[in-house]
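Chains as they are written, first to last, in the working numbering: chain L, 960 to 1153; chain B, 960 to 1153. C-beta: ideal position from N, C-alpha, C; glycine also. Keep in mind that this is a model prediction, so the values were computed, not measured. Please read the structure below before turning to the comments.
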DNA sequence: GCCTACATGTAAACCGTTACATGATTAT
DNA sequence: ATAATCATGTAACGGTTTACATGTAGGC
């Protein structure tokens, strides 16, 4: 149950609407958290009840009102207390790895349908490689824009930069692993010519 | 909803009891899935209803009966169909990254209490580095035991080896990132001497 | 005319976690 | 004696996902 903390962490610098939080979790900070808009709206209501955030409604011409959420002093205290507590290692749940584990069910032979199955697996790895490359490109762009000179950062900026570094490293490593897998499919004698 | 697929994937080679599945998800294949024993028991019942697995009860002296689950032909078909479908990139939810993102709330100064807070964060990163190193050691041991000669593997073994490779790469990369973070704390002028 | 973006929400279904429950065996 | 391991399960709660729901503005 750390969605509340992830939301509060984003609110440290700027007030956010639920909508904007959903966008950021989906695009710019997806290297550390993920949440749907419904989760976010519910969580914001709870945080408001607990006085960890405050709302200022912003009227907008021809649009629904925007509710801008600010973190409160109590919210900051709550966050600091949490971040001094130990936490667990994140569990991994990777569909793609389950697929590779089970891939031996696909017989490798010369018949067309079966070759088509292997081809589908290869395509899936190529597709995931591209998805990760796309993410990596986004992170590199954020790095260029916000941290052009990583050696000259204040400690506060450095923290954020290191979070982004984790995203960059993760995607680079994932891509390199996809290449290991694709190399197998390209070179293994049993699959050759599929 | 891929717990069912992860269970079926493990059942490809050997029949398992719920208890044994829980142990494997917790220890030997935690680089691709995680589940509690309650989840597993519920999921096995569902899979049995759908005839994707079958049970053979094994009487044991002085112990509750063991229920050994086997995958059925229908189960294999179900798995193959699933693994030919495209899947999403796994969402990342990392408490440790949220903490680092919010770490700027901890003031860096000379007072004892505040230095203690920074020290707690450093300890947390050291602790996580150790946890990941421990996992890495486990994976290396599995590699030595099951894949002593990675160049001479059948294609089926190679799939499994590449899944393990992902676990190894992930932990190595995570440890290297922890080192980047710890280096900051060791060298940054604002934190020096804490 | 249709799709996307903006902006918020409800309801239901499903998944995951924690607590409770049982009962024998083996190790300390 | 006490705790850990083996082995399975129920019940309740909480978190997550998906579908449904509404309504404006702007681009193609």
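Output yes or no for whether 8 Å exceeds the beta carbon distance between residue i and residue j.
| i | j | result |
| --- | --- | --- |
| residue 987 of chain B | residue 1101 of chain B | yes |
| residue 962 of chain B | residue 997 of chain B | no |
| residue 1038 of chain L | residue 1099 of chain L | no |
| residue 991 of chain L | residue 1030 of chain B | no |
| residue 1061 of chain B | residue 1145 of chain L | no |
| residue 1025 of chain L | residue 1017 of chain L | yes |
| residue 1117 of chain B | residue 1143 of chain L | yes |
| residue 1074 of chain B | residue 1043 of chain L | no |
| residue 1107 of chain B | residue 1083 of chain L | no |
Taking the C-alpha atoms as reference points, what is the distance between residue i and residue j?
| i | j | result |
| --- | --- | --- |
| residue 1141 of chain B | residue 1009 of chain B | 50 Å |
| residue 1012 of chain B | residue 1003 of chain B | 8 Å |
| residue 1097 of chain L | residue 1104 of chain L | 11 Å |
| residue 994 of chain B | residue 1054 of chain L | 14 Å |
| residue 1139 of chain L | residue 1124 of chain B | 9 Å |
| residue 1033 of chain B | residue 1095 of chain B | 36 Å |
| residue 1121 of chain B | residue 1059 of chain L | 8 Å |
| residue 1080 of chain L | residue 1134 of chain L | 16 Å |
| residue 1115 of chain L | residue 1063 of chain B | 5 Å |
| residue 1109 of chain B | residue 1086 of chain L | 26 Å |
| residue 978 of chain B | residue 1028 of chain B | 11 Å |
| residue 1048 of chain B | residue 1066 of chain L | 26 Å |
| residue 1137 of chain L | residue 1007 of chain B | 34 Å |
| residue 1057 of chain L | residue 980 of chain B | 14 Å |
| residue 1113 of chain B | residue 1000 of chain B | 33 Å |
| residue 904 of chain B | residue 1078 of chain B | As shown, chain B starts at 960 and ends at 1153. That puts residue 904 of chain B outside it, with no answer to give. |
| residue 1040 of chain B | residue 1015 of chain L | 50 Å |
| residue 1035 of chain L | residue 985 of chain L | 24 Å |
| residue 966 of chain L | residue 966 of chain B | 33 Å |
| residue 1119 of chain B | residue 1111 of chain B | 13 Å |
Chain B partners of residue i, CB-CB under 8 Å?
| i | result |
| --- | --- |
| residue 1149 of chain L | 1113, 1114 |
| residue 993 of chain L | 1050, 1051, 1052 |
| residue 1079 of chain L | 1043 |
Taking residue i as the query, report the chain L residues whose CB atoms sit under 7 Å from its CB, ordered along the chain.
| i | result |
| --- | --- |
| residue 1076 of chain B | 1043 |
| residue 964 of chain B | 1057 |
| residue 1087 of chain B | 1048 |
| residue 1083 of chain B | 1045 |
| residue 1119 of chain B | 1060 |
| residue 900 of chain B | Here chain B covers residues 960 to 1153 and nothing more, so residue 900 of chain B does not appear. |
| residue 1143 of chain B | 1117, 1121 |
Just to make sure I have the definition right: I need the residues of chain B whose C-beta is within less than 9 Å of the C-beta of residue i. Which are they?
| i | result |
| --- | --- |
| residue 1103 of chain L | What residue 1103 of chain L touches in chain B: nothing, since even the nearest Cβ is about 19 Å away. |
| residue 1092 of chain L | Per Cβ cutoff of 9 Å: no residues; residue 1092 of chain L is ~11 Å from chain B at best. |
| residue 983 of chain L | Those do not exist, as residue 983 of chain L stays about 12 Å from chain B at its closest Cβ, beyond 9 Å. |
| residue 1155 of chain L | Not covered by the structure: residue 1155 of chain L. The range shown for chain L is 960 to 1153. |
At 8 Å on the CB atoms, spell out the chain L contacts of residue i, in chain order.
| i | result |
| --- | --- |
| residue 1038 of chain B | 1061, 1064 |
| residue 1035 of chain B | 1064 |
| residue 989 of chain B | 1050, 1051 |
In chain L, what lies closer than 9 Å to residue i by C-beta?
| i | result |
| --- | --- |
| residue 1124 of chain B | 1136, 1139, 1140 |
| residue 919 of chain B | There is no way to answer for residue 919 of chain B, as the model of chain B reaches only from 960 to 1153. |
| residue 1006 of chain B | Going along chain L, no residue has its Cβ under 9 Å from residue 1006 of chain B, so there is no contact; the nearest lies around 15 Å. |
Using a C-beta to C-beta distance shorter than 7 Å, which residues of chain B count as neighbours of residue i?
| i | result |
| --- | --- |
| residue 961 of chain L | 1054, 1057 |
| residue 968 of chain L | 1057, 1060, 1061 |
| residue 999 of chain L | None at all; the shortest Cβ gap to chain B is about 14 Å. |
Return yes when at least one heavy atom of the ligand FAD lies under 7 Å from the C-beta of residue i, else no.
| i | result |
| --- | --- |
| residue 1131 of chain L | The ligand FAD is absent from the structure shown, which contains no ligand whatsoever. |
Take every Cβ of the stretch 1134-1151 of chain L, pair it with every Cβ of the stretch 963-982 of chain B, and state whether three or more of those distances are shorter than 8 Å. By the criterion of at least three beta-carbon pairs nearer than 8 Å, the stretch 1134-1151 of chain L is not in contact with the stretch 963-982 of chain B.
Counting pairs of beta carbons, one from the stretch 1089-1100 of chain B and one from the stretch 1127-1143 of chain B, are three or more of them closer than 8 Å? Counting Cβ pairs under 8 Å, three or more are found: they touch.
Those runs of the beta strand (DSSP E) which lie wholly inside the stretch 1012-1085 of chain L and span at least 3 residues: 1012-1017, 1025-1030
Quick one: complete beta strand (DSSP E) runs, 3+ long, within the stretch 1091-1115 of chain L? none
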